[in-house]
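Asks:
2 protein chains.
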Amino acid sequence: MVAALELADMRGDFSMRALGERLGVDPMAVYRHFRDKDALLDALVDAALQDLEPGPHVAGTPIERLRQLCLDFRRALSAHPGVAHRLRVTLPTLGPHVIGLTEASLGLIHQAGVELAEAPRVFTLLIRFVTAGVEEEEQILAHNDGEQAWRAAVTSRYSSVSSGEYPHVTAMAAELDRSSFQDDFEYGLDLLLDAVARRGASA
Amino acid sequence: MVAALELADMRGDFSMRALGERLGVDPMAVYRHFRDKDALLDALVDAALQDLEPGPHVAGTPIERLRQLCLDFRRALSAHPGVAHRLRVTLPTLGPHVIGLTEASLGLIHQAGVELAEAPRVFTLLIRFVTAGVEEEEQILAHNDGEQAWRAAVTSRYSSVSSGEYPHVTAMAAELDRSSFQDDFEYGLDLLLDAVARRGASA
DNA sequence: ACCTGAACACCGTTCAAGT
DNA sequence: ACCTGAACACCGTTCAAGT
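As given, the protein sequences belong to chains A and B, one line each in that order. Note that the first sequence covers residues 446 to 648 in my numbering. Note that the second sequence covers residues 446 to 648 in my numbering.
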């Protein structure tokens, strides 16, 4: 049932009605299996993350493993539109895979040297960074013809401001063409993980 | 006109229809002044941020000023529901105050020692952190009876998992009652700014 | 007892009909 | 020419009416 839903999960946003059509079934039939749309989303979130939990066998330092986990996490979210948004605000209500992932992440953060009392805050920070980034990209792609077109639009917007009055904004416009969602993500991730490692080292 | 809208901006989410009612006017009258809802949101975003730009007179190191700016930014967003969401995905389309704020922020980041080429990425990271955080809080408050009730719900959820199998999750449950949105925000902000300062120092 | 689909209470937006 | 509000194309969800 969830498997069928996973298969049916679609590009962009979906509606209950569109989902019914996609499955070739009465739209209301879905309510037989899920209380409401949020419950369905929760099931989808858990399903999307089921391949993710990093066993203890994965090699590397805790920071390296955390990095890989975030990269995998990002990819999993990107493959399932809508999941990032739901996950970002309702982490706690979720299923077994999310709990397992939470446990593993907190463990890695602690292994990296962060005090137990601070680990939840670091965890929240990382989750927020990844999920918010994916959600941004989804929204951008939904309203533009691909990443390139969006970058071109932003560049031209920023290029139109007075370069005398706003030198940094002008410089940013030139920089935008050289980066990508993936690069920006990795830059931010590494900056965050540097800071985490430093908290760990000073403890 | 925008001033009237600022005044009329309401708790929680608003709709065009509710806005019309709130203003005691035909709901469609709004379309006389704004092309669509997004244009209205953009005007609201710019208005919400008009008190924010930090003049060069503000005291402190660049990092300290960046910190204060983020705190003010957060407060401004919290006072205007919906603005955080809109800002998070459509930064570039915006009005004069946002451009000014962008310029000031990039300047501070550069003054903190970050290379010009990296400043936009740091800027994006900070914006994402602040806006995503505010949006999360808004959503949580919209679906729960205040921060306390939400924390209690999450704590009880996490407390229900096996403490043997998920020791860190169990520990997190205990920690959750001790923190607050504001504390979590400042923890994350300081961690981020530490990392930014370090990038600056190493350049 | 179960399932269907009409109906309800919304939403953003358009546009014809009135002034 | 301007403004109003009925109407359109949606949405999530309920529930009465059919089997």
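Every residue gets a Cβ at the ideal spot worked out from N, C-alpha and C, and that includes glycine.
On the three-state DSSP scale, how would you describe B/H588?
Replies: Three-state result, B/H588: helix.
Asks: Quick check: is any heavy atom of the ligand GDP less than 8 angstroms from the C-beta of B/D483?
Replies: Absence of the ligand GDP is noted for the structure shown, with no ligands found whatsoever.
Asks: With 9 angstroms as the threshold, decide whether the Cβ of B/F479 is near any Cβ in chain A.
Replies: no
Asks: Taking 8 angstroms as the cut-off, does the region 520–534 of chain A touch the region 481–490 of chain A (at least 3 CB pairs, one atom from each stretch)?
Replies: Put simply, the region 481–490 of chain A touches the region 520–534 of chain A. At least three CB pairs are less than 8 angstroms apart.
Asks: Please report the residue range of the alpha helix (DSSP H) in which B/G420 lies.
Replies: One cannot answer for residue 420 of chain B here, as it falls past the ends of chain B, which runs 446 to 648.
Asks: Alpha carbon to alpha carbon, what distance is there between A/T535 and B/S605?
Replies: Counting only the Cα atoms, A/T535 lies some 17 angstroms from B/S605.
Asks: Which residues in the same chain as A/R531 place their Cβ atom closer than 8 angstroms to its Cβ, once the five residues preceding and following it in sequence are excluded?
Replies: The beta carbon of A/R531 is closer than 8 angstroms to those of D483, L486, D487, L489 and V490 in its chain, skipping five residues each way along the sequence.
Asks: Check whether the region 628–646 of chain B touches the region 567–574 of chain B, counting contact only when three or more Cβ pairs, one atom from each stretch, lie closer than 8 angstroms.
Replies: yes
Asks: Count the other C-beta atoms from every protein chain shown that fall within 10 angstroms of the C-beta of A/H555, then say buried if there are 16 or more, exposed otherwise.
Replies: buried
Asks: DSSP on A/E563, reduced to helix/strand/coil?
Replies: coil
Asks: Flag this pair as touching only if the region 613–632 of chain B and the region 535–549 of chain B have three or more C-beta atom pairs under 8 angstroms; answer yes or no.
Replies: no
Asks: Are three or more beta carbon pairs between the region 593–607 of chain A and the region 460–470 of chain A nearer than 8 angstroms?
Replies: As far as the Cβ criterion goes, the region 593–607 of chain A does not touch the region 460–470 of chain A, which means the pair count is below three.
Asks: Using a Cβ-Cβ cut-off of less than 7 angstroms, list which residues of the region 539–551 of chain A approach chain B; keep chain order.
Replies: Here the close residues are I544, T547, E548 and L551.
Asks: Out of curiosity, what's the CA-to-CA distance linking B/R510 and A/P507?
Replies: 33 angstroms
Asks: With DSSP collapsed to three states, give me the class of B/D517.
Replies: helix
Asks: Judging by CA-CA distance, which residue of B/R596, B/L586 and B/R520 is the nearest neighbour of B/A575?
Replies: Here residue 575 of chain B turns out to be Val, not Ala, going by the sequence shown. The shortest Cα separation from B/V575 among B/R596, B/L586 and B/R520 belongs to B/R520.
Asks: Just to confirm before moving on: does the CB-CB distance between B/D481 and B/L497 stay below 9 angstroms?
Replies: Cβ atoms of B/D481 and B/L497: not closer than 9 angstroms.
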